Amino acid sequence: MKSEERVRDYLPVLKPKRNRLSREASDALRAILGPENMTEDPGVIDGYHNYTTGQVLGVGTMIAPPAVVLPGSTEEVAAIMRVLQRHKLKCCPITTNYGAPPLWGGITTKDMIYMDLRRMNRILTVDTKNQYVVVEPYVTAAQLNGELHKVGFTNHCTGPGPTIAPLATTTQGWGMGFDSIFMGWSGRNFLGGEWVSPKGEVIGIGAPGWFYPDSPGSAFYGALRGGMGPLGGLGVFTKCSIKIYPWAGQGEVKSGDQPKIHIERYPDHLKVYYLTFKSMDDMTEFMYMVNKANIGYGLDKNPPVGAVFVMTNSNDEAYNILASGIVDEIFGPPKVNVALAIGAFSDREFQYQLKVIEEIIALSHASTNDELREVYPDMAEQMYYHLAWNTGTAQGVFKAAGTFYVGISYMDTTDVCSDGSLLFGKLKKEYEDRGLLLQEGGESNWAAYYEGGTLGGLHTETIWQGDNSDLEQILGANDLFFKACKPWLDRGLTPFWGMHVGHFGALMGGAASTAYDYRCRIKKAFDPKNVFGNILYALPREDD
Amino acid sequence: MPLQDYKLDMMRCEKDSVCKFVPLMMHDTKKYSEICPSIVRFNFHTYSGSGRLFHALGFIRGRHDYSDEMLNMVYNCQMCGGCDIACKAVRDIEVLETLIEMRVRCVEDGEIPDRVAEVIDGLKKENNMMISPKADRGKWADGLKMKDLAAERAEVCFHAGCRFSYDESLWPTLRGAIEILQRAGVDVGVFGQAENCCAGRAYEMGFQGELLTFMQSNLDAWKTAGAKIVVTPCSDCYASLKAWYSRFGNTVQVYHITEYVHKLIEEGKLTFSKTYPLRVTYHDPCHLGRLSEPYEYSAPGKPYIMDERPLASVKGICCVYDEPKPWRRGANGVYDQPRAILRSIPGVSLTEMERIRSYAWCCGAGGGVMQSNPDFAQSTARLRIEEAIDTGAEALVTACGWCERNFRDAMKSGDGPNIEVFDILDLVLKAI
Numbered sequence: 001m002k003s004e005e006r007v008r009d010y011l012p013v014l015k016p017k018r019n020r021l022s023r024e025a026s027d028a029l030r031a032i033l034g035p036e037n038m039t040e041d042p043g044v045i046d047g048y049h050n051y052t053t054g055q056v057l058g059v060g061t062m063i064a065p066p067a068v069v070l071p072g073s074t075e076e077v078a079a080i081m082r083v084l085q086r087h088k089l090k091c092c093p094i095t096t097n098y099g100a101p102p103l104w105g106g107i108t109t110k111d112m113i114y115m116d117l118r119r120m121n122r123i124l125t126v127d128t129k130n131q132y133v134v135v136e137p138y139v140t141a142a143q144l145n146g147e148l149h150k151v152g153f154t155n156h157c158t159g160p161g162p163t164i165a166p167l168a169t170t171t172q173g174w175g176m177g178f179d180s181i182f183m184g185w186s187g188r189n190f191l192g193g194e195w196v197s198p199k200g201e202v203i204g205i206g207a208p209g210w211f212y213p214d215s216p217g218s219a220f221y222g223a224l225r226g227g228m229g230p231l232g233g234l235g236v237f238t239k240c241s242i243k244i245y246p247w248a249g250q251g252e253v254k255s256g257d258q259p260k261i262h263i264e265r266y267p268d269h270l271k272v273y274y275l276t277f278k279s280m281d282d283m284t285e286f287m288y289m290v291n292k293a294n295i296g297y298g299l300d301k302n303p304p305v306g307a308v309f310v311m312t313n314s315n316d317e318a319y320n321i322l323a324s325g326i327v328d329e330i331f332g333p334p335k336v337n338v339a340l341a342i343g344a345f346s347d348r349e350f351q352y353q354l355k356v357i358e359e360i361i362a363l364s365h366a367s368t369n370d371e372l373r374e375v376y377p378d379m380a381e382q383m384y385y386h387l388a389w390n391t392g393t394a395q396g397v398f399k400a401a402g403t404f405y406v407g408i409s410y411m412d413t414t415d416v417c418s419d420g421s422l423l424f425g426k427l428k429k430e431y432e433d434r435g436l437l438l439q440e441g442g443e444s445n446w447a448a449y450y451e452g453g454t455l456g457g458l459h460t461e462t463i464w465q466g467d468n469s470d471l472e473q474i475l476g477a478n479d480l481f482f483k484a485c486k487p488w489l490d491r492g493l494t495p496f497w498g499m500h501v502g503h504f505g506a507l508m509g510g511a512a513s514t515a516y517d518y519r520c521r522i523k524k525a526f527d528p529k530n531v532f533g534n535i536l537y538a539l540p541r542e543d544d
Numbered sequence: 545m546p547l548q549d550y551k552l553d554m555m556r557c558e559k560d561s562v563c564k565f566v567p568l569m570m571h572d573t574k575k576y577s578e579i580c581p582s583i584v585r586f587n588f589h590t591y592s593g594s595g596r597l598f599h600a601l602g603f604i605r606g607r608h609d610y611s612d613e614m615l616n617m618v619y620n621c622q623m624c625g626g627c628d629i630a631c632k633a634v635r636d637i638e639v640l641e642t643l644i645e646m647r648v649r650c651v652e653d654g655e656i657p658d659r660v661a662e663v664i665d666g667l668k669k670e671n672n673m674m675i676s677p678k679a680d681r682g683k684w685a686d687g688l689k690m691k692d693l694a695a696e697r698a699e700v701c702f703h704a705g706c707r708f709s710y711d712e713s714l715w716p717t718l719r720g721a722i723e724i725l726q727r728a729g730v731d732v733g734v735f736g737q738a739e740n741c742c743a744g745r746a747y748e749m750g751f752q753g754e755l756l757t758f759m760q761s762n763l764d765a766w767k768t769a770g771a772k773i774v775v776t777p778c779s780d781c782y783a784s785l786k787a788w789y790s791r792f793g794n795t796v797q798v799y800h801i802t803e804y805v806h807k808l809i810e811e812g813k814l815t816f817s818k819t820y821p822l823r824v825t826y827h828d829p830c831h832l833g834r835l836s837e838p839y840e841y842s843a844p845g846k847p848y849i850m851d852e853r854p855l856a857s858v859k860g861i862c863c864v865y866d867e868p869k870p871w872r873r874g875a876n877g878v879y880d881q882p883r884a885i886l887r888s889i890p891g892v893s894l895t896e897m898e899r900i901r902s903y904a905w906c907c908g909a910g911g912g913v914m915q916s917n918p919d920f921a922q923s924t925a926r927l928r929i930e931e932a933i934d935t936g937a938e939a940l941v942t943a944c945g946w947c948e949r950n951f952r953d954a955m956k957s958g959d960g961p962n963i964e965v966f967d968i969l970d971l972v973l974k975a976i
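Chains A and B, in that order, are what the protein sequence lines are.
The first sequence: position 489 = 489 (this note's numbering), numbered continuously.
In this note's numbering, each residue's number is its place in the second sequence (first place is 1) plus 544.
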């Protein structure tokens, strides 16, 4: 894409196109929701209008929706869908707002309204015997964990952190989670749900008790959920049954005030390490050994600069540590760093895990970073929160520069991902040197294992940080994204995003497999009028 | 600092909804996981800290203009600072500053809800936020023997504040406070009818000019009276003197009455002789807690760094300031002294709510909401009363007249949750 075109893409953000609902559509929606649960006020609507990753990729523009609606029940969602069909309007359902508008969670056409699912926020069932919960869309992972930890369980949380909505990630998304090594990925934990189709039909998925014995594939569940998730591009899930896992953090005691909530007592059976490897090869070997040992409660391979922001309470504090050079010396390139948690459910199991992991650490020549603990004594505490409560992402990837961009990402063997990390680090350096991105001085991959590495190996995401108020930086990040795709395409490999971003699917060609084609067909079958016009998912095509 | 100067803060919000909840690793029950009364009541994202940042960005960029619905949104916020504290656990963003500046801008543009305008007219005419005659301000002290600072000098000025001065049900607390101070031999006086509003609440409603005017007037009065220390029972006044006055460059030696009483107990000047058996829970007033944290300066004599264009660092783009910016994150509020007082009263046992200290739930009265939308103020209070009842406590204790009044008002109808409410001084007085 030419630079001028990208500039044009950016400029409408400043003056978004506005559209108004017809009187009939407005009255019909208001009759369903009541006046307090719908707004067409431009000022109130502007509160939904943020600036993030999407602009980097140069897709779509930020358009103000003509209305925001707040349904309070499945029946209201269904009724809204029928009104939207009747008035040829589109819908973008959102929960706690994580996302990268306009890629997902964003308005892409001027006839699209926001459906904010905040009023649907109940935990309906906690069944510890059968290890599942049933939740509504706006329940957050932190809320669920708060309730679950008391009864000895926890739930999978994707990388963005505990304010994500488990229903949304389970039914709609992908993304790494630092607990994925133990708890799988989002779609894997989906047991059933209640789905409102674009036509307003309410369809239950799963047997009574919310168990659905299918997996992603040819069945209805597989069609709706898919591997990557429809990202809000196909109907609305209003209830979801999710698998839960044993909580290894029982016994922890915390106190204090923001931003340092101190751990007075660590759990008996959960321990976090921050490991530094001398080379990417050593780290790769470590990953394979962890995989083989089937061990680990949390795992996060992170770039050192990102880790420093996770472990500090302000940019100034992080800056001082980084500026001192100590961090570069201790775990800068070519060294590679991994945070690992082990968790067990009995003394004996924990002792076994300790023996195993310490042997693996020794075999892979890793440092446990005792020096860093001296530089920053809270390190262990912050890393514990990062892996046990998933709280570190906002600090690690948003705080330093203002925003973050997710670029080339892979889900492949650990070797391939490790190569990709190094390659991207080299490509990125030019942009860092030009002052367009936060200088991380090496590769900038965050990575996590799914299910002990048994599901497709390592998931890595290159996350780089910049200032989203600076158009030059956005354009620089955009250039880097496309430049970084090429080496992978040349090797016949699939840059992760190519698999599910509509127009990138075309760019990737055969490397994106036929997944996009299948999604277009599913989209046409269930949403032929493209009521859920998310550009990231798929478009109904006439010739399908 | 003008609203547009917070543009980068507005743009840096990643819409992660952290501002809506108590610290993420401190979640216990879902019921008490939220920290923002406004989003809980109105649900649109725009009513959250994050939504308000985006709204302000749209406004300064001319994407929308004033409307009744927009003004309702702007003023239906207690300015309790919960969003600010929650966000700053993970980000370097000035949420509350931006919210206040949005109101300042509304005032500059003459766009003010009628009820707010009425209260501020009262302030301008009668020097108080209660729309009551200036002449009645000192009535609470009728019959008390103490120095009149309008004519005499004293080391300690007891600043009663508007709420306490005009709310007759709170007068016993005020008079008790004077009794405690006098018994401890403190050289204390009051301005009585001549006392002025601190104007902190007016500032939170967007009236920066009124804050500056009243601040100067108060500083002059205290100086003339020779008062080195100001003691107040009102948390609003305390935050105003400690935080807002320091925001504009003035340091006041101010104690909240709980700090002073705690000091007297520590020094052995106040002892308890009676037992008062009561199981209580303590509500941290926002203005005594997170909002009272003073502004700090990067170096002596240098102005507080509100926000500046970040400079490039050795790590390239990183939001740091040319001098380290002292962040207000709420940890330095008054949390321990009230609890220590309660624990020292014979017979009183303290049981905590889930949302306490820097992440306490607001009583609902702040930011002008009690005046402009009492229904919203009271629904917020009812949620706190429920939380207090859930602890098994027999009474809800607080240290702010506004909180106490709002809790009582919320229970007036009698059909909601109900619990006995005390000011912490009331319990002290029962035991001495």
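Cβ atoms here follow ideal geometry from the backbone N, Cα and C, with glycine treated the same way.
Here the structure is a predicted model, which means the values were calculated and not measured.
Could you have a look at residue i and say whether DSSP puts it in helix, strand or coil?
i                      : result
residue 341 of chain A : strand
residue 367 of chain A : strand
residue 657 of chain B : coil
residue 72 of chain A  : coil
residue 134 of chain A : strand
residue 959 of chain B : coil
residue 303 of chain A : coil
residue 715 of chain B : helix
residue 195 of chain A : strand
residue 271 of chain A : strand
residue 565 of chain B : strand
residue 157 of chain A : coil
Residue i to residue j, Cα distance in whole Å?
i                      : j                      : result
residue 350 of chain A : residue 294 of chain A : 13 Å
residue 486 of chain A : residue 423 of chain A : 11 Å
residue 91 of chain A  : residue 532 of chain A : 5 Å
residue 852 of chain B : residue 465 of chain A : Only weak support exists for where residue 852 of chain B lies, its pLDDT of 49 falling under 50; the coordinates are left without a value.
residue 885 of chain B : residue 747 of chain B : 31 Å
residue 398 of chain A : residue 836 of chain B : 28 Å
residue 346 of chain A : residue 142 of chain A : 25 Å
residue 862 of chain B : residue 473 of chain A : 13 Å
residue 544 of chain A : residue 514 of chain A : 13 Å
Any heavy atom of the ligand NAD within a distance shorter than 8 Å of the CB on residue i?
i                      : result
residue 483 of chain A : Only the bare structure without any ligand can be found here, which leaves the ligand NAD out of the picture.
Give me the chain A residues within the contact set of residue i, using Cβ-Cβ distance strictly less than 7 Å, ordered along the chain.
i                      : result
residue 629 of chain B : 258
residue 608 of chain B : 42, 43 and 46
residue 817 of chain B : In chain order: nothing, as chain A lies at least about 33 Å away.
So residue i contacts chain A; which residues on that side make the cut at Cβ distance below 8 Å?
i                      : result
residue 632 of chain B : 258 and 259
residue 613 of chain B : 39, 41, 43 and 44
residue 800 of chain B : Those within 8 Å of residue 800 of chain B in chain A number zero; the least Cβ separation is about 17 Å.
residue 567 of chain B : 258 and 261
residue 913 of chain B : The contacting residues do not exist; residue 913 of chain B stays about 17 Å from chain A at best.
Give me the chain B residues within the contact set of residue i, using Cβ-Cβ distance strictly less than 8 Å, ordered along the chain.
i                      : result
residue 592 of chain A : Any property of residue 592 of chain A remains undetermined from this structure, which presents chain A solely from 1 to 544.
residue 398 of chain A : 556, 558, 560, 634 and 635
Taking Cβ-Cβ distances shorter than 7 Å, what residues in chain B pair up with residue i?
i                      : result
residue 381 of chain A : What residue 381 of chain A touches in chain B: nothing, since even the nearest Cβ is about 10 Å away.
residue 147 of chain A : 573 and 574
Apply the 10 Å Cβ neighbour rule to residue i and answer buried if 16 or more other Cβ atoms are within range, or exposed otherwise.
i                      : result
residue 198 of chain A : buried
Unbroken stretches of the beta strand (DSSP E), 3 residues or longer, contained in the region 866-949 of chain B: 892-894 and 939-942
Whole beta strand (DSSP E) elements within the region 351-427 of chain A, 3-residue minimum: Here the runs fully enclosed are 403-412.
Every unbroken beta strand (DSSP E) inside the region 741-824 of chain B [3 residues or more]: 773-776 and 798-800
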